[in-house]
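I have placed the structure first, in the form of structure tokens, so that the comments after it can refer back to it.
Residue numbers (our numbering): 26 to 374.
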């Protein structure tokens, strides 16, 4: 295995995956302008280091909504891990527990949330949720996440309809193979039938209020890009915000998340933590996001590449590589802690 870069892992994963499954994970909506922009935007930003600051011991851990992570990198919610490895989300969770970080388990996971939690008792788990038009079904899913020990709900708010992903259309990839299911969608009230995820065009802030009444868990809103929505999120008791364009998989031509981050951070006024996903491929990317106000980042596709390349060990290598790069870049930037990163350290290249 090429352990030196995440891009090397992607090449290895591509060689192992069914081409239609690789395209599902790698692809995005429309012309994939946003997919490319997420990574390219980080390359347009440079880090301006300080020197002679005598930092012998580095601090990389963060605490988010009561969950501790040994580094400011979370595992973003991605669907269908068993397309990449037979152990699927179980393997991912075990690697996350070993790395002492946080896994956001997808509602579209191919392993049930209860089984993910049982496979990795030490893992810090959050649960990603699409609010369903059937409020009773939504509540049953929330109760399962609570019972499994999830510490937060990450509500995806950028998907009133499914993005038009042309690679999937070209490949005829519309559903999982017959032996796999979205196990979190099994509905005991309907004879254990696996229900579809229904995107809800009428999704509104009132739906969020009803969810807030269902649970005491912190609610993270994933998919906020406009500062005006930040103010509404705060009015509706969001506990945190994730700046996300869904990895370029929903609306194409949305700007890169790192470009949107400063405006969202400013709009929060420091009231809640701001997270970011989209395009993070290096430890230097993590430092840039934190310097611009993110409390942590989340990575999605790199986790899938590690899983496809070498199962649990591959995911561990992705997380280990990112942590090593963060520590290396932090030392070179003359900072002892990820909490010391400031906007003046980032300049356009």
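Every residue, glycine too, gets a C-beta built ideally from N, C-alpha and C. Nothing here was measured: the structure is a model prediction, and the numbers come from that model.
Would residue i be called buried (16 or more neighbouring beta carbons within 10 Å of its own) or exposed?
i           : result
residue 114 : buried
residue 286 : buried
residue 317 : buried
residue 233 : buried
residue 271 : buried
residue 40  : exposed
residue 295 : exposed
residue 131 : buried
residue 32  : exposed
residue 229 : exposed
residue 309 : buried
residue 77  : exposed
residue 59  : buried
residue 302 : buried
In its own chain, which residues sit with a C-beta less than 7 Å from the C-beta of residue i, not counting the 5 before and 5 after it?
i           : result
residue 258 : 246, 249, 266
residue 50  : 326, 329
residue 280 : 62
residue 35  : 330
residue 217 : 211
residue 64  : 304, 306
residue 288 : 252
residue 144 : 115, 118, 119
Please list the terminal residues of the continuous alpha helix (DSSP H) segment that includes residue i.
i           : result
residue 160 : 160–172
residue 60  : 58–68
residue 35  : 31–41
residue 131 : Element bounds for residue 131: n/a, residue is neither H nor E.
residue 293 : 282–293
residue 85  : It is not in any alpha helix (DSSP H) - residue 85 carries neither H nor E in the DSSP assignment.
residue 341 : 326–357
I'd like the list of long-range same chain contacts for residue i, defined as Cβ closer than 8 Å, with 5 residues on each side in sequence excluded.
i           : result
residue 293 : 255, 259, 266, 299
residue 146 : 122
residue 57  : 273, 277
residue 373 : 69, 70, 71
residue 94  : 86, 87, 88, 125, 126, 127, 149, 321
residue 371 : 70, 71, 72, 73, 313, 316, 317
residue 156 : 163, 180, 225, 228, 232, 233, 236
residue 92  : 127, 149, 151, 176, 177
Of the choices the options, whose alpha-carbon is the least far from that of residue i?
i           : options            : result
residue 375 : 320, 341, 321      : In this structure the chain extends from 26 to 374, so residue 375 is not present and cannot be described.
residue 356 : 261, 312, 336, 142 : 312
residue 139 : 172, 55, 229       : 172
residue 305 : 351, 366, 374, 165 : 351
residue 264 : 307, 280, 320, 97  : 320
residue 262 : 237, 281, 67       : 237
residue 203 : 192, 212, 214, 219 : 219
residue 101 : 335, 117, 143      : 117
residue 29  : 370, 348, 371, 368 : 348
residue 376 : 63, 120, 111       : The first residue shown for the chain is 26 and the last is 374, placing residue 376 beyond what the model contains.
residue 401 : 91, 111, 166       : Residue 401 cannot be examined here, being either before or after the span of the chain that is shown, 26 to 374.
residue 55  : 163, 168, 97, 192  : 192
residue 335 : 63, 109, 52, 81    : 109
residue 37  : 333, 343, 358      : 333
residue 200 : 98, 339, 221       : 221
residue 168 : 144, 213, 184, 283 : 213
For residue i, report the span of its beta strand (DSSP E) as first-last.
i           : result
residue 248 : 244–249
residue 233 : Note, residue 233: premise wrong, no beta strand (DSSP E); alpha helix (DSSP H) at 230–239.
residue 152 : 149–154
residue 94  : 92–94
residue 372 : 371–373
residue 266 : 265–268
residue 98  : 98–100
Just to confirm my understanding: we take residue i, look at its own chain, exclude 5 residues before and 5 after, and list those with CB closer than 6 Å. What are they?
i           : result
residue 182 : 246, 248
Is residue i close to chain D, meaning its C-beta is less than 8 Å from at least one C-beta of that chain?
i          : result
residue 66 : Looking for chain D here will not work: only one protein chain is present.
Three or more beta-carbon pairs under 8 Å between the segment 79–88 and the segment 221–233, yes or no?
-> no
So, do the segment 101–115 and the segment 125–139 have three or more beta carbon pairs nearer to each other than 8 Å?
-> yes
Pair every Cβ in the segment 66–86 with every Cβ in the segment 356–363, then say whether three or more of these pairs are closer than 8 Å.
-> With a cut-off of 8 Å, the segment 356–363 and the segment 66–86 count as touching, because enough Cβ pairs lie within range.
Given 8 Å as the limit, is there contact between the segment 174–191 and the segment 266–281, that is, 3 or more CB pairs closer than that?
-> yes
Does the segment 168–188 come within contact of the segment 150–157, defined as at least 3 CB pairs closer than 8 Å?
-> Segment contact: the segment 168–188 against the segment 150–157, three or more CB-CB distances shorter than 8 Å; contact assigned.
On the three-pair Cβ rule with 8 Å, is the segment 41–61 touching the segment 194–211?
-> yes
Would you say the segment 208–216 touches the segment 65–74, given that touching needs at least three Cβ pairs under 8 Å?
-> no
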